[in-house]
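With the UniProt record's numbering, the residue at position 886 of the sequence shown is 886, and numbering never jumps.
All residues carry an ideal CB built from backbone N, CA and C; glycine is no exception.
Report on the following structure.
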Amino acid sequence: MTSSHVVRTPTKTPTKIYFPRANDYCRCCNENVKINGYSQLNLFTENNRDFLRRFRLVVNVKVENNSKISQVLCKKCYRAVLRYENVLSQSEELQEFRNNYKEVNRDVGELTRRKRCAKDSPCKSPRTARTPSSPATKTFERVRNPKSQRKIISTTNDSAEGDEEAVFVGQPRNASPTEVRIYYPSGLVKKIISAEIDASIVRQICSQEYNGVINSVWKHPELKTKIIDKIYVEINKESSALCSTKDPSILRKTKASDLIEFSDSTCEEELKGKAPILYGCLYNVASDYTKKENERKKARLAAPISLATSILVKQRCPQMSAIAYRFALGVLWDSGAKKKGYVRANHWGISVSHTCTLEKLDEMGFNFDEAVKTWKCELEKNHLINEALEQVAEYVDAKDKEQIPVGCQTTDVSCLSLTFPQTSTNDQNVLCSDVDGQSTNSDLLDMEDFLNDYTEYRESTKDLKSPENDVNCFLINKCGYSESLVDIFNNFVHSQGLEVSTLSKKDVSLLKSSQLANRPKTYQILGDNLDKFVRPKHMSSNNQNKSIHWFAMNAVQDRATMKSTDIKQQQQRPILSVENSEFLPSTEDNNQLLQNFILLVARILVKRVPDFQCLKRTVVKHIPHEFSNEMKRKSVQVPLGILFKNENLNDEMIEILEHVHSHYVPTKMVRTEDGELEPEVAESIFFGGDQLTEERARNCKDARADADTEYDRLEGVKSKHEDWHSIRLIYQILYDILYKPSSATDQGTMCSNMNITNNVNAKTNNVLDNFNYCKEFVDIETEAYLVAATMTHFEMKSIDDTFVPDAIRSAPKKEQQHWFHGEVKSILEKHVMKRQSEDYDKMAKEVDNLNRPKQRPTFPCSECGIIYVYEKCWDNHLRDVHNIVLSDARSNSKSKNPKKSKKTEVKQDYVYNYACVRLSLGMLIHNFNDAVKEGDGARILLCWKYMLLLFKAHGHTKYSLAALQLLANTKAMLSPEKAHSLIWNRTVNNKGSAGINISLDLRMEHIIHLKKEMLGNLGANLHEPAAVRCSKAIKGVQDLFSSIDSNLNVRHPSGRHTVTRSEAGFLTIVNELHSKAEVFVENCVEGREHHAFPKFNRSPLTKYTLNCI
């Protein structure tokens, strides 16, 4: 067996080439500090500026920074400099001591008694005090010696005699004690400091090294204890001041409004000002003092520091519980914690008790509808002032114009020469002869009758001329206004800088204009049913399952107001004067819809197609409308709690309307014929909800239609239908038309696209119960259909192809927009709008023809011209009178049965028809959703016109009736002001920004969901008082939650899927539609069709017949 070993090549160490520099050598001894490994000190750095001064003093030459001369000293030379500096300082001190030495002969008898105390201390009897001279003041710096540090300590006093100076030259710390000399007014006192730690403190104080003083003091066992005790005392004082009621802390303010406005940063600033030591302790516990924290991290420390302070201070003063209330409501109550959780948190000091939490909820719910009642009072006041202005206008007009008796009229007699007879003084009438046209006695009697009538009229109208009966008396006596109402009117007039007693027609006109310009905003009430099924933990005969049906409401202030200068309260026109074709889409409506589609499609294509990114600046992100600025503002909302009524029962629904009518409808008091005051509707408000709520409210109003007054007929409430439930039904109609589970093998259909994207949640026939899943898929698929149509239009093979002309890429914005919108218009006209416009125009014409009165056919006689209505009479007339027989010829013509021509079936591309219908319905839904986001009421109303036909064609009669009623109200049945409000105030903005509006009934669904969560947290304690507490406090609780989340930087997920998350499914659908199915490549010859959708019609209104209108 042979052995072998491996010979390794020895490792070679490379030779380093060394190039010395000037700073590698010591400036004094010229030794190479780098090779010898000495520590070094750079003379010219910022930290060594003091040592450079000492070095210049020792070497006694001018030391400058020169790049050719070394800048460093070795450690050996550094110590030598310190040693020689000490020698120099001692020589100077010796010379100074010699100069101050003097020999003085003193007589002992001349010495006087001197008190050992300060010169300003009180004494019993006046004495002659000596005034010693002050010694020369001199400060010595510390000499740093690495081996044995020595200090020169100087203590000076203004009362010391002469120029003497008490000086102690320090010895090594382990060698000898330290001596301190203090000059008091009574003389010199010497003190020997034996303890080294005390001596170090004295030396560091004299050299003004305060960091060293602090460190030495902290090492001193007795001083450290005293300092800690002093810190405790100061923290105790700060805590007492923080809990004081003279200047209440923010932690003491526990009202509901104060809890909402509470800020952790404000609490932190208060701690910095009132308790700096306590704040410093907490801050350094929460953060590393030695590290520099950024501003964001410092801001995050405000919340934990405030919470820690609250927990600690609450033990001293239980009233300091603002954060404890916020924690109890924002964490424990919101999460449905049990009472044990409240008890534990209360004992920890984090939270208040469960009882205090409920009391705070009651406080938050107190006057929960105060804002709505304030809106109501403002509208009532506005209505009162308007009526008073009308009355005052009539009063001023009657006061200014000449009073004419009833039945008489004025005549211009200036052109006549009239003479009147003279009467005797004995009251006897003188008869005048009727000579030369003079007035007769009968004329005089007529004149006397006229004067008597005029005198009686003046007596009846003397109240108008009486100076003591001014405008206020007129309003009280003649119009029946109370003094409080008159005061309101007077305050309004005075606010405009006018006086009531001097009002003129011009002043009244100005007041009317001002009142119209400053008209308060109206509001509306939203309602919806709150249904909840409660299962008891232990069921018994008395404790069964409960099916709760309550009613929740929400008030929203209108943001858009009518800008007209003349607001009429009458309806616009009779409903019978409206043509039926006005409820259908017209040519103008189709053009407007096309313009909206162009802007929306351009936005989608820029987002989805890479080559369109160069046209990004041409996109209109928010389609403008008349009230775009108003719709950006945050809506003012007031939840109105829960009514324990079931809207499905007519009597309880009437009670709901009566509650709204009595609490929130603006009213006025009217005096009846019996002299009693009864309420009357001053202004009506809208009451909105879903289709069921609107129908129930309308039926209940119809049941009260036979009442005597508007108030009893509930005329102050006008029911209306909201939008979100309607658009949900459009999604359902889209599924009914285009989705079948059997179409999974048909490429390009909805079911096939769901399969290839593995979207199982969207595969359902019940869209209303799975709305969010279906909505997400429909929106993505609509964008995929648009991109597929665009790729077919530009003959693209892949979505990443480039096709935009180079001239357009570098063109100005307007030219790019013109080209881009033109191409999009061509795509839409080909696949959507052309056929749709033709169908709707044809439908409008046929409706007009059907609405024309029917004319019965007539049969005129060709011989004598007599017209007969019935054909048989006409035949008899021709046969009997004119011997003309037509029955045989007619019977022969009827007996002949001509062969019916067979209609040639036109082949269609039914796959293309399916894609066009899918695209048109998807764009209608997309336009409606975008209109709601922008708060564009006119665009929403336009979509309702198209939705009316879809509802009717697919059997949703109640929703089609709701659409018809909405259009009728806006066109005829409501006043212009109410119609304007119905159109433009259909959305709500929760945050205050552009493009984030939602429908009013969707906001109501959010409130219902929140209330159900609150009621669910009650568990077995779900009963009416607890439900009332939760429902009334919901506004304050929501504001408190928003405040807490804002302070803690808690962000709520928006719920929207980003483009990145849906990009894979989108691209898969685009590839399926464009490359595989080729849905937009129209091929009429082959007659291709989907197996699940044979002979698919191009129009979505296939089931619709014109006779249904």
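In angstroms, rounded to a whole number, what distance separates the CA positions of residue i and residue j?
i     : j     : result
I730  : D1045 : 37 Å
V606  : M833  : 21 Å
L1022 : F771  : 30 Å
L379  : A682  : 8 Å
E1082 : A1092 : 19 Å
L828  : Y914  : 15 Å
L1015 : E370  : 24 Å
R608  : V787  : 8 Å
I598  : D397  : 57 Å
V636  : T522  : 12 Å
D558  : N985  : 6 Å
E678  : R671  : 6 Å
N346  : I656  : 41 Å
E295  : A1033 : 36 Å
V1037 : D470  : 52 Å
S207  : V233  : 30 Å
G212  : D362  : 59 Å
R918  : R1098 : 10 Å
DSSP three-state call for residue i: helix, strand or coil?
i     : result
S837  : helix
Q570  : coil
V1081 : coil
Y914  : helix
G1036 : helix
N30   : coil
D528  : strand
V534  : strand
S482  : coil
Residues in its own chain within less than 6 Å of residue i by CB, not counting five upstream and five downstream?
i    : result
L526 : N554, G688, L1000 and M1004
K224 : W218
S265 : A302
W819 : I808
A762 : M754, Y773, C774 and F777
Y78  : L41
F533 : S547
R879 : V885
Looking at residue i and the ligand COA, is the gap between the Cβ and the nearest heavy atom below 7 Å?
i    : result
R344 : Because no ligand of any kind appears in the structure shown, any question about the ligand COA cannot be addressed here.
Here's the rule: buried if 16 or more other CB atoms are within 10 angstroms of the residue's CB, otherwise exposed. What is residue i?
i     : result
M539  : exposed
K298  : exposed
Q836  : buried
A256  : buried
E44   : Going by the sequence as given, residue 44 is Phe instead of Glu. When all chains shown are included, F44 counts as exposed.
W348  : exposed
A118  : Note that A118 has pLDDT 45, beneath the 50 cutoff, so the model's placement of it is unreliable and the number below is only indicative. When all chains shown are included, A118 counts as exposed.
N648  : exposed
G1065 : buried
H1009 : exposed
K991  : exposed
R573  : exposed
A22   : exposed
Beta-carbon within less than 7 Å of residue i's beta-carbon, same chain only, minus the 5 sequence neighbours each way: which residues are those?
i    : result
V313 : S239, L242, C243, L251 and M320
N997 : M631, V932, K933, E934, G935, T987, V988 and N989
L942 : D589, Q592 and L593
A994 : H622 and K632
List the DSSP bridge partners of residue i.
i    : result
T667 : V681
C74  : Q40
V638 : A555
E179 : I192
G689 : H721
With a threshold of 8 Å on Cβ separation, who are the neighbours of residue i within its own chain once the five nearest residues in sequence on each side are excluded?
i     : result
L73   : C26, R27, C28, Q40, L41, L43, F55 and V81
E1072 : Q747, G748, S752, N753 and I756
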